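Position one of the sequence shown corresponds to residue 37 (our numbering), numbered consecutively onward.
Ideal Cβ placement from N, Cα and C applies to all residues, glycine included.
Just so we're clear, the structure is a prediction, and the values are computed from it rather than from any experiment.
Let me begin by presenting the structure, written as structure tokens, before commenting on it.
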Amino acid sequence: MTNTIFHGFKKKIQGKIKVPGDKSISHRAVLLGAIAEGETTVDGFLMGDDCLHTMKCMRQLGVRIEKSGESLIIIGNGIDGLSEPVDVLDVGNSGTAMRLMIGLLAARPFYSVLVGDASIHQRPMDRVVLPLKQMGADIYGRSNNRLAPITVNGSKLHGTEYHSPVSSAQVKSAILLAGLQTEGTTVVREPELSRDHTERMIRAFGGSVLTEGTVHTITGPQKLTGTHIKVPGDISSAAFFIAAALITPDSHLIIEDVGINPTRTGILDILNSMGADISLENQRIVNDEPVSDLVVRSSSLQGTEIGGDVIPRLIDEIPILALIATQAEGQTVIKDAAELKVKETNRIVTVVSQLRKLGADIEETEDGMIINGQPGKPLKGGDVNSFGDHRIGMMLAIASQVANEPINVERTDSIAVSFPTFNELLESVR
Ligand code: S3P
């Protein structure tokens with residue numbers, strides 16, 4: 037396990053960068069390319085640990101996937117082209133890989149076992165197992181079918197209508213991937229709209245999903261056709277650099293080609309309401325996904341309240357928003373975010389405990405946290421831990437912009453899950 041010392045107190049952030057491809061879109065490009073008929077080319081695929089696990093699993097399921105320069109070529113043979121894996125499918129640290137594959141495999145006529153790392157084996161899988169069982173799936177897991185390892189005995193499913201208690205794109209996508217293969221109509225309702233990359237990408241592959249408000253309907257079986265996918269930069273990765281530029285005086289950063297799908301831009305809306313100077317330039321649509329360049333300048337920020345239906349639109353950005361809030365005038369309250377407890381770590385606990393070590397005024401609540409910003413006062417340095425959570429590791433690295441002593445972050449190897457070039461990119465803009 038690696039640790040890294042970050043020391044960047046007041047080092048202004050400047051330049052023009054690109055961040056790696058969107059993690060959610062990269063997973064879906066491989067999964068859908070693998071079950072489509074014909075060749076799919078993916079440009080900008082995220083070569084991070086999570087998506088590499090998905091790619092490896094698809095290869096174990098018999099799909100030919102090759103790297104060609106910067107692109108990935110997937111030779112799909114249709115859904116029937118998948119074959120029984122001879123070994124367990126290992127998703128590593130990736131909840132998206134495990135949950136989406138459970139949905140995909142539930143309707144395949146073979147047996148598969150899904151495993152992952154220690155974090156994945158603690159995260160709830162019943163949220164996808166239950167609706168799939170409602171469709172007739174035969175799935176087992178530890179702890180009364182709640183935890184991985186998960187065994188999927190593929191079977192013929194029937195359509196259903198499922199009211200999801202959580203606004204989760206992974207739950208929605210697992211059901212849609214099963215519904216895609218199932219005779220009849222499958223409906224999934226979610227409390228608030230979660231990221232809609234699966235719906236958009238099914239359409240990009242020539243399939244159809246109907247969305248009305250927060251209700252999604254798919255009628256199967258459908259055939260998908262191979263296509264050309266261009267993956268935009270991940271706004272969740274860009275968020276760390278946006279934060280660094282905002283909280284460091286005299287910064288001016290341009291981040292090119294960032295995905296600004298409205299189901300992901302809660303961070304921009306909240307930062308805007310806090311007084312951040314961020315402008316969107318060169319807006320365009322690529323593969324049905326909106327993309328833009330972001331121009332960010334250092335800003336004086338005000339505390340705010342973050343809760344309600346914006347939460348699914350910024351759930352992965354809450355760790356970095358908490359750091360930003362330590363540099364904003366007044367109080368920031370984050371609520372309705374109990375989902376943070378079932379991420380790669382319990383992010384309410386890991387964010388609050390590690391930022392406190394650095395001297396931040398932050399406390400846990402039942403469904404979020406409260407931060408009292410102290411804009412003029414530097415954070416301290418010292419030893420902190422990512423606990424194997426990539427986004428906690430990157431947030432702590434960015435904290436070094438406002439800490440007057442070095443910060444030693446333990447377990448920085450986890451950053452490669454979503455952003456393998458993070459350290460070099462940070463050095464390049466300092
Ligand atoms: C993801 C959905 C979100 C998000 C995760 C990626 C996806 O999780 O936190 O990083 O790609 O579908 P939930 O579906 O659990 O909210």
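Three-state secondary structure assigned by DSSP to residue i
i, result
"H194", "coil"
"T77", "strand"
"N308", "helix"
"Q363", "coil"
"Q319", "strand"
"R300", "coil"
"E380", "coil"
"I271", "helix"
"D425", "coil"
"H225", "Rather than His, the amino acid found at residue 225 in this sequence is Arg. R225: strand per DSSP, three-state reduction."
"M171", "coil"
"G409", "strand"
"N459", "helix"
"K371", "coil"
"K46", "coil"
"R100", "strand"
Residue i beta carbon near ligand 1 (any heavy atom closer than 8 Å)
i, result
"G215", "no"
"T386", "no"
"R231", "yes"
"E375", "yes"
"I351", "yes"
"H157", "no"
"V207", "yes"
"H63", "yes"
"V202", "yes"
"G131", "yes"
Span separating the alpha-carbon of residue i from that of residue j
i, j, result
"Y198", "V346", "22 Å"
"Y147", "P185", "13 Å"
"K103", "D85", "16 Å"
"V66", "N440", "43 Å"
"I53", "V245", "35 Å"
"I109", "D270", "21 Å"
"L229", "S335", "30 Å"
"L289", "R333", "7 Å"
is_contact[residue i, chain D] using C-beta, thresh 9 Å
i, result
"L289", "In the structure shown, chain D cannot be found, because there is only a single protein chain."
Contacts around residue i, its chain only, beta-carbon distance under 7 Å, and the 5 residues preceding and following it disregarded
i, result
"H157", "L183 and A184"
"S62", "F81, L82, C87 and V267"
"R392", "I398"
Residues near residue i in its chain [Cβ-Cβ closer than 6 Å; skip 5 each side]
i, result
"Q367", "G339 and N408"
Sequence-distant residues of the same chain with beta carbon closer than 8 Å to residue i, five excluded per side
i, result
"K47", "T284, Q437 and R466"
- Query: Would you say the region 199-207 touches the region 168-178, given that touching needs at least three Cβ pairs under 8 Å?
  - Reply: no
- Query: Can you find at least 3 beta carbon pairs, one from the region 296-308 and one from the region 208-218, that sit closer than 8 Å?
  - Reply: Fewer than three beta-carbon pairs drawn from the region 296-308 and the region 208-218 are found closer than 8 Å, and the two stretches are therefore not classed as touching.
- Message: Would you call the region 454-464 in contact with the region 371-389, where contact means no fewer than 3 C-beta pairs closer than 8 Å?
- Response: no
- Please determine if the region 364-384 and the region 397-416 are in contact, where contact requires at least 3 C-beta pairs separated by less than 8 Å. yes
- Would the region 251-267 and the region 277-292 be scored as touching if the rule is three or more Cβ pairs under 8 Å? no
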